[in-house]
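Participant: For the sequence shown, the working numbering assigns the number 1 to the initial residue and increments by one for each residue that follows.
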Amino acid sequence: MAPRCWRWWHWSAWPRTWPPPARSTPSFRQHFSTQEKTPQICVVGSGPAGFYTAQYLLKHHPQAHVDIYEKQLVPFGLVRFGVAPDHPEVKNVINTFTQTAHSDRCAFWGNVEVGRDVTVPELQEAYHAVVLSYGAEDHQALDIPGEELPGVFSARSFVGWYNGLPENQELAPDLSCDTAVILGQGNVALDVARILLTPPEHLEKTDITKAALGVLRQSQVKTVWLVGRRGPLQVAFTIKELREMIQLPGTRPILDPEEFLGLQDRIKEIPRPRKRLTELLLQTATQKPRAEEAAHLASGSRAWGLRFFRSPQQVLPSPDGRRVAGIRLAVTRLEGVGEAIRAVPTGDMEDLPCGLVLSSIGYKSRPIDPSVPFDLKLGVIPNMEGRVVDVPGLYCSGWVKTGPTGVIGTTMNDSFLTGQMLLQDLKSGLLASGPRPGSAAIQALLSSRGVRPVSFSDWEKLDAKEVAQGQGSGKPREKLVDRQEMLRLLGR
Ligand code: FAD
Ligand code: NAP
1 MAPRCWRWWH
11 WSAWPRTWPP
21 PARSTPSFRQ
31 HFSTQEKTPQ
41 ICVVGSGPAG
51 FYTAQYLLKH
61 HPQAHVDIYE
71 KQLVPFGLVR
81 FGVAPDHPEV
91 KNVINTFTQT
101 AHSDRCAFWG
111 NVEVGRDVTV
121 PELQEAYHAV
131 VLSYGAEDHQ
141 ALDIPGEELP
151 GVFSARSFVG
161 WYNGLPENQE
171 LAPDLSCDTA
181 VILGQGNVAL
191 DVARILLTPP
201 EHLEKTDITK
211 AALGVLRQSQ
221 VKTVWLVGRR
231 GPLQVAFTIK
241 ELREMIQLPG
251 TRPILDPEEF
261 LGLQDRIKEI
271 PRPRKRLTEL
281 LLQTATQKPR
291 AEEAAHLASG
301 SRAWGLRFFR
311 SPQQVLPSPD
321 GRRVAGIRLA
331 VTRLEGVGEA
341 IRAVPTGDME
351 DLPCGLVLSS
361 IGYKSRPIDP
371 SVPFDLKLGV
381 IPNMEGRVVD
391 VPGLYCSGWV
401 KTGPTGVIGT
411 TMNDSFLTGQ
421 MLLQDLKSGL
431 LASGPRPGSA
441 AIQALLSSRG
451 VRPVSFSDWE
461 KLDAKEVAQG
471 QGSGKPREKL
481 VDRQEMLRLL
491 GR
């Protein structure tokens, strides 16, 4: 449900004059004023939301100038640090983003962390409009005892580790155990399970990092359980990703036909696309494989399984208390109907032994700056179609606007909508009318604070280096994972 403030707030409540005089310090303006009559817009974050918002603005306003600020040294957000290495086709969107970055009305400023290196009010002062597209950089905590034990990781950091996110390179997951448990049944959970179970030689030609591939080659993990608090009709993953799991070489699915009882009779009433997904689950759980196929499956040394109606209660420690040895799950049943169906505990408990727990129950956005409203409960910036509630000239797009769900396509549509609202406001005269200094003012501020941004052409140098590094081993690239090394390569 929308938070209270969304209901009473209406766009028409925005002041007609913006910015308020107090913000427009004359010295700031005089010093940096340019002759430009073009709208100066900045976007915070260079993931799909940032790039698609920029693309929309540039396409639909012939004079608009868009600066994209990014805290990493490299662009593209989760397309680089989230999308699985064995899904290279998904990363083709980078070509479109690169075209946008090459526009002479667009600039990329990497190595700038908004909220730390520059504040949002400083950006508002320098630009006609600011769009916050900084994604969801945190993970949803389990909030159960034992969560801090060695051997428990968030899927977010595990994904960051195999995808080369600099801050996750120290993760060093110990894969010497036989069984791993993934909590959650979304597409991220399936990505992680697939990477754990894919024969490493099948990952050799992807952009997975060399270090992660080395650890996966030594992995002893044979069985991966994906645990859901609700049932087969509520899984959050999609059919393509399920099919990939079913077809994993040398790996067999373990689905308990008991858990699918009665589902066959309900198939007809399930709307698509969940109907097709459920049919595939049911078929995998109940269909007896042909003799040849059965022999092939039985020979599979690795396995994955779905456990339904189980909610995590406690991470169990090993006898010496030094690492994870299992997970205690509350058995659940469903209550409610439709979208409101939720899992409630039956009172029964079950312990599942394992040596690795990966929590994949969702990502989470953080507040960026005290001046920006933030709904801590929903983990989003309160907004109306991308207009930040009560802050004229401030917009948001992507996961920080919608919450951490949706694929790149949905993020694109959402970002176009934010771009549309912004341009509507510009046309209606609701944004500041005088010239704004844009990046000139921000670069001066950053320089005074010792922050040295990197440009898109700097990224292209790093990109060329990565591609060259990958060539020897037939990989599309060998990612640079060390910020200091990247800066050194850029002559910093
Ligand atoms: P992000 O992609 O997270 O981009 C946010 C950007 O903001 C980042 O670059 C971040 O560094 C930057 N930033 C954060 N804070 C600051 C700050 N303070 N200052 C400056 N910059 C900042 N979708 C698909 O269609 N196909 C897939 O295969 C797929 N795989 C996925 C795999 C995983 C593991 C995950 C988590 C998601 C996947 N998705 C996939 C979904 C897709 O990645 C998202 O829909 C999309 O990335 C959301 O875009 P965004 O721009 O809102 O966030
Ligand atoms: P998600 O799809 O929202 O799935 C989260 C899972 O965690 C659900 O099974 C959810 O169960 C469970 N969960 C949440 N809170 C829980 C709790 N407290 N205890 C136990 N279980 C809990 O999130 P995601 O997997 O992080 O994916 C995020 C988005 O990225 C999705 O839209 C996804 O499709 C997209 N993505 C796409 C791809 C792809 O296209 N290949 C790959 C990765 C990610 P309930 O349903 O019961 O809440």
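Cβ atoms here follow ideal geometry from the backbone N, Cα and C, with glycine treated the same way.
Suppose the cutoff is 7 Å on Cβ atoms and the five residues either side in sequence are ignored; what does the same chain contact list for Arg328 look like?
Facilitator: Position 328 of the sequence shown, counting from 1, holds the residue named residue 328. Here the set comprises Gln313, Gln314, Leu316, Met349 and Asp351.
Participant: Which residues in the same chain have their Cβ closer than 6 Å to the Cβ of Asp86, if we skip the five residues on either side of it in sequence?
Facilitator: Mapped onto the sequence shown, residue 86 falls at position 86. Counting only Cβ-Cβ distances below 6 Å, and skipping sequence neighbours, we find Thr206.
Participant: Suppose you measure from the CA of Met412 to the CA of Gly347; what does that come to, to the nearest Å?
Facilitator: Position 412 of the sequence shown, counting from 1, holds the residue named residue 412. Position 347 of the sequence shown, counting from 1, holds the residue named residue 347. Approximately 43 Å between the Cα atoms of the pair.
Participant: Could you tell me the distance, in whole angstroms, from the CA atom of Gly110 to the CA atom of Gln140?
Facilitator: Against the sequence shown, residue 110 aligns to sequence position 110. Against the sequence shown, residue 140 aligns to sequence position 140. About 27 Å.
Participant: Return the residue from the list Glu269, Met245, Lys377 and Ile41 that minimises the CA-CA distance to Leu280.
Facilitator: For the purposes of this step, residue 280 is taken as the residue at position 280 of the sequence shown. Residue Met245 is the option with its Cα nearest to Leu280.
Participant: Name the two residues that bound the continuous alpha helix (DSSP H) containing Ile361.
Facilitator: Taking the sequence shown and counting its residues from 1, one reaches residue 361 at position 361. Looking at the DSSP string, Ile361 is not in any alpha helix (DSSP H), and its letter there is neither H nor E.
Participant: By the 10 Å Cβ neighbour count, where 16 or more other Cβ atoms means buried, how is Leu423 classified, buried or exposed?
Facilitator: Counting from 1 along the sequence shown, the entry for residue 423 is found at position 423. Burial call: buried.
Participant: Between the region 146 to 155 and the region 353 to 364, do at least 3 Cβ pairs fall closer than 8 Å?
Facilitator: Cβ pair count under 8 Å is three or more, so yes.
Participant: Let me confirm a value: Asp425 is counted as buried when at least 16 other C-beta atoms fall within 10 Å, else exposed. Which label applies?
Facilitator: By 1-based counting over the sequence shown, the position of residue 425 is 425. That one is buried.
Participant: Do three or more CB pairs link the region 161 to 172 to the region 436 to 454 at distances below 8 Å?
Facilitator: With a cut-off of 8 Å, the region 436 to 454 and the region 161 to 172 do not count as touching, because too few Cβ pairs lie within range.
Participant: Relative to ligand 2, is the shortest distance from any of its heavy atoms to the C-beta of Glu147 smaller than 7 Å?
Facilitator: The residue given as residue 147 occupies position 147 in the sequence shown. Not under cutoff, so the answer is no.
Participant: Quick check on the DSSP output: the beta strand (DSSP E) that includes Arg328 runs from which residue to which?
Facilitator: As a working note, residue 328 is residue 328 in the sequence shown. Per DSSP, Arg328 belongs to the beta strand (DSSP E) from Val324 to Glu335.
Participant: In chain order, what are the residue ranges of uninterrupted alpha helix (DSSP H) at least 4 long that sit wholly in the region 153 to 188?
Facilitator: Fully enclosed alpha helix (DSSP H) runs of 4 or longer: 155 to 162.
Participant: Please report the distance separating the alpha-carbon of Ala193 from that of Pro48.
Facilitator: Here residue 193 corresponds to residue number 193 of the sequence shown, with the count starting at 1. Here residue 48 corresponds to residue number 48 of the sequence shown, with the count starting at 1. Ala193 and Pro48: Cα-Cα distance of roughly 24 Å.
Participant: Can the beta-carbon of Phe237 be found less than 8 Å from the beta-carbon of Ala189?
Facilitator: Residue 237 sits at position 237 when you count from the first residue of the sequence shown. Residue 189 sits at position 189 when you count from the first residue of the sequence shown. Cβ distance < 8 Å, so Phe237 and Ala189 count as in contact.
Participant: Keeping to the same chain, check which residues put their C-beta closer than 6 Å to that of Asp191; ignore five residues upstream and five downstream.
Facilitator: Taking the first residue of the sequence shown as position 1, residue 191 is located at position 191. These residues qualify, in order along the chain: Ala84.
Participant: DSSP on Phe108, reduced to helix/strand/coil?
Facilitator: Position 108 of the sequence shown, counted from the start, is the residue given in the question as residue 108. The answer is strand: DSSP assigns Phe108 an E or B state.
Participant: Is it true that the CB of Val391 sits closer than 8 Å to the CB of Leu149?
Facilitator: Within the sequence shown, the letter at position 149 stands for residue 149. Within the sequence shown, the letter at position 391 stands for residue 391. No, the pair does not count as a contact, with Cβ atoms beyond the cut-off.
Participant: Give me the Cβ distance between Phe308 and Gly231, rounded to the nearest whole Å; I'm assuming they're in contact under 8 Å.
Facilitator: Taking the first residue of the sequence shown as position 1, residue 308 is located at position 308. Taking the first residue of the sequence shown as position 1, residue 231 is located at position 231. Rounded, the Cβ-Cβ distance is 5 Å, consistent with contact.
Participant: In whole angstroms, what separates the C-alpha of Val235 from that of Gly336?
Facilitator: Along the sequence shown, one-based indexing puts residue 235 at 235. Along the sequence shown, one-based indexing puts residue 336 at 336. Cα to Cα, the separation comes out at about 16 Å.
Participant: Does Thr531 come out as helix, strand or coil in the three-state DSSP assignment?
Facilitator: This structure does not reach residue 531, given that the chain is present from 1 up to 492, and the question cannot be answered.
Participant: Just checking Trp161 against ligand 1 - is the residue's beta carbon closer than 7 Å to any of the ligand's heavy atoms?
Facilitator: Translated into the one-based positions of the sequence shown, residue 161 becomes position 161. Result no, Cβ not under 7 Å from ligand 1.
Participant: Just checking, does the region 131 to 138 make contact with the region 86 to 101 on the three C-beta pairs under 8 Å criterion?
Facilitator: Touching, no, given that fewer than three Cβ pairs across the two stretches are closer than 8 Å.
Participant: Measuring alpha carbon to alpha carbon, tell me which of Asp369, Gln264, Thr402 and Leu376 ends up nearest Asn383.
Facilitator: Against the sequence shown, residue 383 aligns to sequence position 383. Looking at the Cα atoms, Thr402 is the closest of the given residues.
Participant: Say whether the region 111 to 120 touches the region 66 to 85, bearing in mind that this needs 3 or more beta-carbon pairs closer than 8 Å, one atom from each stretch.
Facilitator: Touching, per the Cβ criterion.
Participant: Exposed or buried, Ser415, counting other C-beta atoms within 10 Å across all chains shown (16 or more means buried)?
Facilitator: The count along the sequence shown starts at 1 and reaches residue 415 at position 415. By the neighbour-count rule (16 or more Cβ atoms within 10 Å), Ser415 is buried.
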